[in-house]
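Down below is the structure, laid out as structure tokens.
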Amino acid sequence: MAAICFGPLGDTLFTTPAIRALRFNLPQAYIVVLVNQLGLEVYRNNPHRIEIIGCLDQWDLLKKTVEIRKCGFDLVLGLSQIGSFFTRFCGAPVRSDFFTIAENKSNLSVVKLCLEVITEVGLAVNTYETEFWHGKQEERIVEHFLKKAAVDLGKPMVAIHCGGRYFIRKRWPLLKFSALIKILLEETRYQVVLIGGKEDREDSEAIASVLPGVINAAGGFSLGETAALLKRCQLLIANDSGPLHLGAAVGVPTIGLFGPTTPEQFFPYRPPRHRYIYKKLSCSPCYRFGGGLWQYLPRCSKAYCMEAIEVEEVLELILNGSVAGRNSLVEVT
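Take any residue in the sequence shown, note its place counting from 1, add 1441, and you have its number in the working numbering.
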């Protein structure tokens, strides 16, 4: 059987409970998973005995879906929006995807939507937790980085992702991130490390340049190395973006900042380890999973919903103990 999980980082992480359920239900099955380049990193170290096929882009995905027709798969699953479209080219007698399951599922989280695809063909769901796997080499690289950065391993560390690869309106203002970090550095025992991809490096450098105590790891790590770094942190604060979901997948407590998107769909995590702030305005949400391309068009001069989130609100979630988790100790000095 084959599953198409081609999508952004967060969407790919949302497929991991479904792939785990496949192996749980079908311990002897030959399972092929088609992903993009980020998906290769997500599934590279997975323990579920699957074959991973990486695709460079959508045209390469089309080519490979046509090629796997020759394998004669009896079942193909679409576990992403584009993956659901491409299932029809695989030639399988049975397919299940976002288009074939019952309608009116817009209130489900994307994780549960993927699991609906599984249950539609009679398979059981064992857990809802997302997951990510990394190797020992990534841990060694992070260990070296922390030593070089003179990180005090006796103090708690908070990771912050201030960017977002897609959909710029999902970003909390950089000035507010800077104000929050300044308070954390000056008034708590937290050390702050900035994470993100190469596209986040400029914003992270802007923050680090005015706040010398910040540890800037943005743009310097692979996905697996970022995951290993997050596992060393006591908390992650991030916009609705891939790194937020990566943190949840490796078990770090999170605070998600939401505006254009809805936590109902994109924050399938449970308190007290995972919390979010969502400013629901009259126009919210202006983006929904599975919506049309029109929703990517700018409709406001700035993201008022993200502007409405105050630094004090985020700080309160950190300091009042609402976010509980591994070694969760926040002491105001």
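Ideal placement from N, C-alpha and C gives every residue a C-beta, glycine not left out. Please read these numbers as outputs of a predicted model, since none were measured by experiment.
Item                                                                                                                                                                         : Value
If you compare alpha carbons, which of Cys1727, Lys1743 and Ile1718 is closest to valine 1752?                                                                               : Ile1718
For a test of the three-state rule: what should DSSP assign to isoleucine 1609, helix, strand or coil?                                                                       : helix
According to DSSP, is histidine 1715 helix, strand or coil?                                                                                                                  : strand
Could you compute how far the alpha carbon of leucine 1479 sits from the alpha carbon of arginine 1729?                                                                      : 22 Å
Determine the direct distance from the alpha carbon of isoleucine 1624 to that of cysteine 1496, and round the result to whole angstroms.                                    : 43 Å
If you follow the alpha helix (DSSP H) that valine 1384 is in, where does it begin and where does it stop?                                                                   : In the structure displayed, the chain extends from 1442 to 1774; residue 1384 sits before or after that span and is not available.
Touching or not, the region 1552-1566 and the region 1454-1463, by the rule of three or more beta carbon pairs under 8 Å?                                                    : yes
In three-state DSSP terms, what is histidine 1602?                                                                                                                           : strand
Counting only runs of 4+ residues fully inside the region 1563-1651, write out the alpha helix (DSSP H) ranges in chain order.                                               : 1577-1589, 1615-1628 and 1642-1651
Pick helix, strand or coil for threonine 1453, following the three-state DSSP scheme.                                                                                        : helix
So which of Thr1667, Asn1548 and Ser1525 has the shortest CA-CA distance to serine 1537?                                                                                     : Ser1525
Ignore the nearest five residues each way along the sequence and tell me which others in lysine 1639's own chain have a CB closer than 7 Å to its CB.                        : Gly1660
Check whether the Cβ atoms of leucine 1677 and alanine 1600 sit closer than 8 Å, and answer yes or no.                                                                       : yes
Run the CB neighbour count on tryptophan 1735, radius 10 Å, all protein chains shown included, and call it buried at 16 or more, exposed below.                              : Since pLDDT at tryptophan 1735 reaches only 46, below the 50 mark, its modelled position is unreliable, and the value read off the structure follows with that caveat. With fewer than 16 other Cβ atoms within 10 Å, it is exposed.
For isoleucine 1582, which residues from the same chain have a beta carbon less than 7 Å from its beta carbon, with the 5 sequence-adjacent residues on both sides left out? : Glu1666
Quick one, are the C-beta atoms of leucine 1475 and isoleucine 1494 less than 8 Å apart?                                                                                     : yes
Suppose you measure from the CA of methionine 1442 to the CA of alanine 1668; what does that come to, to the nearest Å?                                                      : 29 Å
Starting from the Cα of glycine 1637, find the closest Cα among Leu1454, Thr1456, Gly1683 and Asp1501 and give me that residue.                                              : Gly1683
Near glycine 1451, which residues of its chain fall below 6 Å by C-beta distance, leaving aside the five closest residues on each side in sequence?                          : Gly1683 and His1686
Report the three-state DSSP secondary structure of valine 1517 (helix, strand or coil).                                                                                      : strand
Considering Cα atoms alone, identify which of Thr1457, Ala1620, Leu1587 and Arg1612 is closest to valine 1634.                                                               : Leu1587
Measuring only the C-alpha atoms, how far is glutamate 1643 from arginine 1529?                                                                                              : 41 Å
For leucine 1520 versus isoleucine 1622, is the C-beta distance shorter than 8 Å?                                                                                            : no
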